[in-house]
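Notes follow once the structure below has been shown.
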Amino acid sequence: MVLFVARRLLYLVPVLIAVSLLTFLIASLLPGDLAYVILGDQATPENVAALRHDMGLDQPIWVRYFGWLGHVLQGDFGRSFRTGQTVLQAVTERLPVSFELMVLAEIMSLAIGVPLAIACAARSGGPFDRFMTGSAFGMLSVPTFLSAILLIYLFAVELRWLPATGYVPFGEDPAANLRFMVLPALTLAFAEWPGIMRVLRSDMIATLQEDYIALAKAKGLKPSRILLVHALKPSSLTLVTITGINIGRLIGGAVIVETIFALPGIGRLLVGAIYTRDLIILQGVVLLVGAGFVLINFIVDMLYAVLDPRIRHGHA
Amino acid sequence: MKAAIRSNALARIFLVAGFAISLCAVPASAQKQGGSITMGLELDIPGFDPLKVGVFDTAAGTAAAAIFDTLTTLDDKGVAQPKLALSWTPSEDFKTWTFKLRPGVKFHDGTPFNAQAVKENYDRQKDPANKCRCAFYVAFMHDVQAPDDLTVVFNLNDPSVNLPAIISPPGANFVVQSPTAWKTKGDDYNRNPVGTGPYIPKSWAAGDRMVLEKNPDYWDKGRIYLDRIILKPLPDAQSRFASLQSGEADIIWDDESDADNIQRAQKDPKLTVHTYAGSGAAVAAFNTKVAPFDDVRVRQALVMAIDRKKMSQALTNGLARPASNPYGDGSWVKCKDDGALPYDIEKAKALIKDYGKPVDFKMLFTATPRGRAAGQVFQQFWKQAGASMELEQIDQATFVPRAFMRQFQLIGWRIVDLADPDVQMYANFHTGSPVALANYSNPELDRLLEHARVTADQEKRTEDYCAISRHINKEAIWFWTFQNTYYALSSARVKGLPKMYSGVVDVSGVWLE
Numbered sequence: 391m392v393l394f395v396a397r398r399l400l401y402l403v404p405v406l407i408a409v410s411l412l413t414f415l416i417a418s419l420l421p422g423d424l425a426y427v428i429l430g431d432q433a434t435p436e437n438v439a440a441l442r443h444d445m446g447l448d449q450p451i452w453v454r455y456f457g458w459l460g461h462v463l464q465g466d467f468g469r470s471f472r473t474g475q476t477v478l479q480a481v482t483e484r485l486p487v488s489f490e491l492m493v494l495a496e497i498m499s500l501a502i503g504v505p506l507a508i509a510c511a512a513r514s515g516g517p518f519d520r521f522m523t524g525s526a527f528g529m530l531s532v533p534t535f536l537s538a539i540l541l542i543y544l545f546a547v548e549l550r551w552l553p554a555t556g557y558v559p560f561g562e563d564p565a566a567n568l569r570f571m572v573l574p575a576l577t578l579a580f581a582e583w584p585g586i587m588r589v590l591r592s593d594m595i596a597t598l599q600e601d602y603i604a605l606a607k608a609k610g611l612k613p614s615r616i617l618l619v620h621a622l623k624p625s626s627l628t629l630v631t632i633t634g635i636n637i638g639r640l641i642g643g644a645v646i647v648e649t650i651f652a653l654p655g656i657g658r659l660l661v662g663a664i665y666t667r668d669l670i671i672l673q674g675v676v677l678l679v680g681a682g683f684v685l686i687n688f689i690v691d692m693l694y695a696v697l698d699p700r701i702r703h704g705h706a
Numbered sequence: 002m003k004a005a006i007r008s009n010a011l012a013r014i015f016l017v018a019g020f021a022i023s024l025c026a027v028p029a030s031a032q033k034q035g036g037s038i039t040m041g042l043e044l045d046i047p048g049f050d051p052l053k054v055g056v057f058d059t060a061a062g063t064a065a066a067a068i069f070d071t072l073t074t075l076d077d078k079g080v081a082q083p084k085l086a087l088s089w090t091p092s093e094d095f096k097t098w099t100f101k102l103r104p105g106v107k108f109h110d111g112t113p114f115n116a117q118a119v120k121e122n123y124d125r126q127k128d129p130a131n132k133c134r135c136a137f138y139v140a141f142m143h144d145v146q147a148p149d150d151l152t153v154v155f156n157l158n159d160p161s162v163n164l165p166a167i168i169s170p171p172g173a174n175f176v177v178q179s180p181t182a183w184k185t186k187g188d189d190y191n192r193n194p195v196g197t198g199p200y201i202p203k204s205w206a207a208g209d210r211m212v213l214e215k216n217p218d219y220w221d222k223g224r225i226y227l228d229r230i231i232l233k234p235l236p237d238a239q240s241r242f243a244s245l246q247s248g249e250a251d252i253i254w255d256d257e258s259d260a261d262n263i264q265r266a267q268k269d270p271k272l273t274v275h276t277y278a279g280s281g282a283a284v285a286a287f288n289t290k291v292a293p294f295d296d297v298r299v300r301q302a303l304v305m306a307i308d309r310k311k312m313s314q315a316l317t318n319g320l321a322r323p324a325s326n327p328y329g330d331g332s333w334v335k336c337k338d339d340g341a342l343p344y345d346i347e348k349a350k351a352l353i354k355d356y357g358k359p360v361d362f363k364m365l366f367t368a369t370p371r372g373r374a375a376g377q378v379f380q381q382f383w384k385q386a387g388a389s390m391e392l393e394q395i396d397q398a399t400f401v402p403r404a405f406m407r408q409f410q411l412i413g414w415r416i417v418d419l420a421d422p423d424v425q426m427y428a429n430f431h432t433g434s435p436v437a438l439a440n441y442s443n444p445e446l447d448r449l450l451e452h453a454r455v456t457a458d459q460e461k462r463t464e465d466y467c468a469i470s471r472h473i474n475k476e477a478i479w480f481w482t483f484q485n486t487y488y489a490l491s492s493a494r495v496k497g498l499p500k501m502y503s504g505v506v507d508v509s510g511v512w513l514e
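As you go down the protein sequences, you meet chains D and F in turn.
Going by this note's numbering, the first residue of the first sequence is number 391, and it counts up by one from there.
Going by this note's numbering, the first residue of the second sequence is number 2, and it counts up by one from there.
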């Protein structure tokens with residue numbers, strides 16, 4: 391097991407290097423010169439040349455990459471030229487918001503998707519199953535910016551049950567925090583549950599055709615017990631994969647949802663950095679998010695190994 | 002006890018109201034003390050240190066108007082009135098201005114406000130070593146001196162007859178910040194601003210709320226009513242409006258591209274639409290040194306092919322106000338004849354035909370949905386006149402250098418709302434200025450611009466500026482599409498919002514009914 395973990399960790403190194411290289415390249419290849427952005431109306435040719443020299447922008451790209459990577463390895467991701475905040479400050483301030491949003495969205499999509507999948511699988515091909523697979527397909531096609539506005543209109547403007555925008559830190563007032571988080575998390579969950587439901591449903595239908603289920607039925611076990619105890623667990627392996635991948639999707643979805651609901655999370659930080667050409671924040675955040683995604687996938691890999699001994703011991 | 006407090010508060014309201022009547026004959030609506038409002042802004046505020054942020058955007062402007070003071074402020078008619086300065090006198094040539102400061106004012110950190118502090122603010126912006134993006138806007142000042150504690154002298158490179166109005170906006174250049182604070186806080190100062198203003202920042206979570214609390218020692222307590230102002234960035238226009246409807250925000254920033262919601266708010270008795278018809282306009286400049294715009298007929302034809310009413314309908318449900326000169330209804334420059342070319346598609350076609358060669362060109366816009374929409378409307382108009390325009394959209398970072406280097410044929414630009422036309426008109430049209438985008442030079446135009454900036458008499462200046470407008474319109478080197486209109490939407494309880502000069506929604510003096 392230790393060897394397995396060590397080998398997997400070793401795989402991470404080239405992946406992380408690739409992430410850092412891509413991040414740096416994308417930020418460097420964007421049109422527009424950082425010196426012009428910083429200088430604005432002061433951008434005379436002499437000033438631009440002087441600033442480019444100060445910032446090392448006149449050096450070849452690989453020198454800049456290794457210089458940046460060297461600082462990153464020492465924990466110095468740089469400082470925004472606009473706000474004066476360091477990347478780490480900006481990220482640690484905003485990470486709790488995005489993390490909470492992600493966790494709540496994941497819980498909600500599981501809470502909607504799993505029961506529906508079980509209900510569909512129990513009577514596969516029946517009217518409920520057909521209706522739900524149809525509407526899941528429909529929900530999958532609704533973009534988050536649309537469902538967000540519809541939810542706001544319904545719950546905040548018409549019914550006035552929940553706030554439309556805003557945020558209170560969890561530590562300050564947990565109840566208020568959750569009130570603010572419900573709609574954004576629900577918006578994200580709306581896009582995620584159909585995937586969960588469809589995958590779990592088809593896995594369960596397959597499991598329900600196994601011989602041991604027939605045996606359980608023959609023994610006269612209650613259908614609910616068969617579904618929840620005998621069929622659910624073996625069918626949930628793919629669910630773990632989907633949940634892991636979803637986290638990456640949720641980071642993408644969070645950019646839009648955080649903007650609409652005005653949540654001060656990583657997504658908003660990223661959008662702001664793009665609009666203001668704050669490349670230092672941009673490349674720092676993308677690198678951290680990318681590294682986070684890689685780590686989460688690593689953890690999912692480990693979970694497989696825990697759930698399925700074949701992976702742990704196999705030579706695959 | 003409760004009753005006592007209430008009657009005390011009532012007495013204070015009457016006192017305040019009476020004061021207001023006796024002093025400036027404001028209608029005596031009872032201005033209630035206390036309460037708090039939440040304002041929804043369009044953008045995240047990056048900070049307040051001019052060396053870091055360069056200029057304040059509209060969101061930072063709202064916060065700056067509450068945290069800081071300026072030397073002067075504009076009254077309802079656009080005339081400069083005392084704020085941190087009590088009085089001012091120009092030299093005869095309007096190149097030196099002496100301001101007397103208000104005594105006994107302190108910054109929030111206890112630092113005394115004095116002439117030295119004002120001088121240090123300007124010195125810091127102008128210091129070449131600081132390479133401040135803000136320096137462009139104070140380039141017309143040679144230096145600022147502090148001969149004694151309460152006297153500030155502005156020595157200008159060029160004459161300015163209206164300096165007290167020009168330095169009134171709560172922008173990065175003109176708010177007075179505490180020198181002690183930026184020296185001791187260094188990089189952290191940007192997000193921990195210290196001013197002399199009516200509200201003190203209590204907390205600020207990045208990307209979320211900024212909480213401002215009433216300054217108990219403010220020098221002008223009489224005009225401050227709210228205990229607390231909360232500023233929140235709400236970047237999405239739809240959810241920003243929903244937040245106003247549902248009561249999470251009491252007032253929100255808005256603009257014409259959100260015309261649907263503005264018109265919805267106009268019909269809603271629970272909401273108030275605040276508008277300010279500012280000076281300036283959305284404009285465009287032809288590069289008169291390159292074909293086909295080196296020929297005046299082509300420029301005139303394109304200008305005459307624009308149906309601004311139809312364009313306003315298409316882009317903003319008719320909210321946007323057509324512009325026929327660079328000044329607009331919000332300016333004190335009112336022209337009987339501004340020389341605007343009429344909308345005349347037949348004449349436009351004839352001019353293009355007369356020119357004889359095909360008119361194919363590119364127009365440069367910033368990469369925003371608004372820029373694209375406007376560009377597509379232009380395309381249609383010009384196609385009818387027989388010209389073909391290709392839309393080129395680039396982001397702000399490359400847009401400004403392209404403009405400075407004149408790498409364009411036709412470029413979209415803006416004249417912002419300022420108290421005096423001089424600064425922008427001179428920069429935009431005088432020979433040799435870095436933003437004289439049309440590459441156009443004319444001795445008569447230069448003479449008019451120079452004359453207007455050294456003439457104190459407003460009527461004579463108006464004549465100059467109207468002659469300038471006629472000249473530009475006739476030569477069609479720039480054209481104007483829509484005047485600047487600024488919007489804020491609020492709950493009907495919010496009262497006392499002043500004119501949104503320079504597009505800044507200043508909520509520091511409002512009260513709740």
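Note that beta-carbon positions come from the ideal geometry of N, C-alpha and C, so glycine has one too.
Assigned with DSSP and collapsed to three states, F:I167 falls in helix.
DSSP, reduced to helix, strand and coil, places F:K215 within a strand of the structure shown. In terms of Cα proximity to F:R494, the closest of F:D355, F:D338, F:E514 is F:E514. Here F:N156 has T97, H143, D144 as same chain residues with Cβ atoms under 6 Å from its own Cβ, once five neighbours each way along the sequence are excluded.
The beta-carbon separation of F:P165 and F:S509, rounded to 20 Å, does not stay under the 8 Å limit for a contact.
For the region 393-420 of chain F, the residues whose beta carbon sits under 9 Å from a beta carbon of chain D are, in order, I395, D396, Q397, A398, T399, F400, V401, P402, F405. The DSSP-derived three-state label of F:P113 is strand. Taking each of D:T666, D:L697, D:V675, D:A695 in turn and checking the Cα distance to F:L44, the smallest one comes out for D:T666.
With its beta carbon less than 8 Å from one in chain D, F:P234 belongs to the interface. In the structure shown, F:A140 falls within a coil segment according to DSSP collapsed to helix, strand and coil. Interface annotation, F:S509: not in contact with chain D, CB-CB separation never under 8 Å.
Under a 10 Å Cβ-count criterion, F:W481 is classified as buried, with 16 or more other Cβ atoms of the shown protein chains found around its own Cβ. Leaving aside the five residues that flank D:N687 on each side, the residues in its chain whose CB is nearer than 7 Å to its CB run, in chain order, G634. Ranked by Cα distance from D:H461, the options D:L578, D:I689, D:I670, D:D691 are led by D:I670.
Spatial neighbours of F:A278 in its own chain (CB-CB distance under 6 Å, excluding positions within 5 residues in sequence) are listed in chain order as D330, G331, T486. For F:S313, the enclosing alpha helix (DSSP H) has its first and last residue at 309-317. The alpha carbon of D:V409 has as its nearest neighbour, out of D:L685, D:L693, D:I689, D:I637, the alpha carbon of D:L685. Residues of chain F whose Cβ lies closer than 9 Å to the Cβ of D:I539 are, in chain order, D237, Q239, S240, A243. In terms of Cα proximity to F:A398, the closest of D:R484, D:D423, D:K607 is D:D423. D:G460: member of the alpha helix (DSSP H) spanning 451-463, first to last residue. For F:E249, at least one C-beta of chain D is nearer than 8 Å to its own C-beta. Under the Cβ criterion of 8 Å, D:V679 is not counted among the residues facing chain F. Counting along the chain, F:F430 sits inside the alpha helix (DSSP H) bounded by residues 423-430.
According to DSSP, F:I253 shares a beta bridge with F:G41, F:L490. Pairing F:A147 with F:V153 gives a Cβ-Cβ distance under 8 Å. Note that the C-beta distance between F:L490 and F:I230 is not below 8 Å. In this structure, DSSP gives F:Q82 an extended state, which the three-state scheme calls strand. With respect to the 8 Å criterion, F:L72 and F:C133 are not classified as neighbours on the basis of their beta carbons. Any Cβ of chain F closer than 8 Å to the Cβ of D:V427 would place that residue at the interface, and such an atom is present. In this structure, the straight-line span from the alpha carbon of D:A606 to that of D:W583 is close to 30 Å. Listed in chain order, the beta strand (DSSP E) runs fully inside the region 407-467 of chain F are 411-416, counting runs of at least 3 residues. If you check the CB distance, D:V679 and D:I656 come in under 8 Å. Taken in chain order, the members of the region 636-652 of chain D whose beta-carbon sits within less than 8 Å of a beta-carbon on chain F are T649, I650, F651, A652. Secondary structure at D:R469: strand, using DSSP grouped into helix, strand and coil. From the listed residues F:N443, F:D237, F:Q484, F:K500, the smallest Cα separation to F:I473 is found for F:N443. The Cβ neighbour count for F:N318, taken over all protein chains shown within 10 Å, is under 16; the residue is labelled exposed.
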